[in-house]
Amino acid sequence: MLLEGKVAIVSGVGPGMGRDIALLFAEHGADLVLGARTLASCEAVAAEVQALGRRAEIVSLDITDPEACRAAAAAAVDAFGGIDVLVNNAFHDGNHRTFERSTLDEWKATMDVNLWGTLQMTEAVVPAMIERGEGRIVMINSMSTHRIQPRYGSYATSKGALETAAKALAIELGAHGIRVNSVFPGYIWGDKVEAYFAHLAEREGITPDDYYRRVADETALKYLPHSREIAGSVLFFASELSAPVTGQGLDVNAGHWIA
Numbered sequence: 213m214l215l216e217g218k219v220a221i222v223s224g225v226g227p228g229m230g231r232d233i234a235l236l237f238a239e240h241g242a243d244l245v246l247g248a249r250t251l252a253s254c255e256a257v258a259a260e261v262q263a264l265g266r267r268a269e270i271v272s273l274d275i276t277d278p279e280a281c282r283a284a285a286a287a288a289v290d291a292f293g294g295i296d297v298l299v300n301n302a303f304h305d306g307n308h309r310t311f312e313r314s315t316l317d318e319w320k321a322t323m324d325v326n327l328w329g330t331l332q333m334t335e336a337v338v339p340a341m342i343e344r345g346e347g348r349i350v351m352i353n354s355m356s357t358h359r360i361q362p363r364y365g366s367y368a369t370s371k372g373a374l375e376t377a378a379k380a381l382a383i384e385l386g387a388h389g390i391r392v393n394s395v396f397p398g399y400i401w402g403d404k405v406e407a408y409f410a411h412l413a414e415r416e417g418i419t420p421d422d423y424y425r426r427v428a429d430e431t432a433l434k435y436l437p438h439s440r441e442i443a444g445s446v447l448f449f450a451s452e453l454s455a456p457v458t459g460q461g462l463d464v465n466a467g468h469w470i471a
């Protein structure tokens with residue numbers, strides 16, 4: 213029960229990472245505010261949280277909307293009395309085109325979510341965390357920040373800016389007892405990546421298993437972790453197990469990229 217009695221906000225809740233983080237937090241005693249642009253996803257996860265014996269509130273949350281960010285923070289304070297943890301999980305995955313085939317407006321759209329939207333959500337929770345005398349903010353970043361590939365320029369750039377912002381926030385908010393850390397997943401095995409690999413395998417005339425094996429063999433551990441496993445590293449940063457840790461980034465990618 214690493215989060216017993218704590219209140220956490222998770223943005224970008226859907227069937228993958230957001231859900232698995234929320235459920236692991238609930239298993240460890242947290243009450244949750246679940247935010248996403250699609251409320252149906254939040255409703256399903258909220259029911260699972262409640263089945264675990266914890267409380268859950270759902271909010272319509274587009275992190276590019278400052279009013280929505282403030283409303284999510286207010287919902288946590290009104291329902292549960294404060295905010296202990298924020299997991300910035302909402303993201304935009306970029307336009308998947310090379311720079312010369314992109315427009316700067318497309319790059320800005322990615323930046324509006326991954327940097328400015330994340331900072332808006334963070335800004336919204338800081339007053340409540342200061343009132344608590346402590347807080348934990350976890351940024352879900354990406355291996356793409358460090359292992360840059362063609363057609364991921366907008367995404368990698370936005371996440372690289374977020375990495376620097378997290379370090380700056382750790383320094384500035386530390387005086388209030390607020391810790392800011394980042395998790396850097398690589399490929400996250402699940403339905404979306406499985407479908408993507410199947411598409412790429414079909415284009416190459418190989419089986420999806422062959423394509424999976426090719427990518428997995430690039431990792432030290434020879435497999436691609438599921439979001440359930442990556443959620444454990446988020447829990448570490450959200451809990452007292454990481455009490456003296458701030459401004460740090462943890463690569464959680466089965467050894468796909470090692471700093």
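Each residue of the sequence shown is one higher than the one before, starting from 213 at the first, in my numbering. All C-beta atoms, glycine included, are put in the ideal place defined by N, C-alpha and C. From a predicted model like this one, the values you see are computed outputs, not experimental measurements.
At a cut-off of 3 residues, the continuous stretches assigned as beta strand (DSSP E) that sit fully inside the region 255 to 302 are 268 to 272, 297 to 300. For Val325, there is no enclosing beta strand (DSSP E), as DSSP gives it neither H nor E. Apart from the 5 residues on each side of it in sequence, Val395 sits with its Cβ closer than 8 Å to the Cβ of Val350, Met351, Ile352, Asn353, Ile442, Ser445, Val446, Phe449, Gly461, Leu462, Val464 in its chain, given in chain order.
As a beta-bridge residue in DSSP terms, Ile352 pairs with Val395.
For Thr310 and Val225, the gap between their C-alpha atoms comes out near 29 Å.
Beyond the five residues adjoining it in sequence on each side, Ala234 comes within less than 7 Å, by CB distance, of Val222, Val225, Leu244, Leu246, Val257, Val261 in the same chain, given in chain order.
The bridge partners DSSP lists for Ala466 come to none.
Within the model, the alpha-carbon separation for Ala432 versus Met323 is close to 31 Å. Here the C-alpha atom of Asp305 lies approximately 32 Å from the C-alpha atom of Ile342. Taking a contact as a CB-CB distance under 8 Å, the pair Arg266 and Ala336 does not count as one, their CB atoms being some 22 Å apart.
With a cutoff of 8 Å on beta-carbon distance, Val325 and Ala302 are scored as near each other.
Considering only Phe409, Thr357, Ile418, the residue with the shortest C-alpha distance to Ile470 is Thr357. Beyond the five residues adjoining it in sequence on each side, Asp296 comes within less than 7 Å, by CB distance, of Lys218, Val219, Ala220, Arg344, Gly347, Arg348 in the same chain, given in chain order. For Met229, the closest alpha carbon among the candidates Ala413, Arg440, Arg425, Tyr364 is that of Arg440. In this chain, Ala407 is not harboured by any beta strand (DSSP E); it is covered by the alpha helix (DSSP H) spanning 403 to 416. Within a 10 Å sphere around the beta-carbon of Ile360 sit fewer than 16 other beta-carbons, which makes this residue exposed.
For Gly247, the enclosing beta strand (DSSP E) starts and ends at 243 to 248. Going by DSSP, Ala382 is part of the alpha helix (DSSP H) stretching over 365 to 385. Residues Ile275, Thr276 of the same chain have their beta carbon placed closer than 6 Å to that of Gly329, with the five preceding and five following residues left out of the count.
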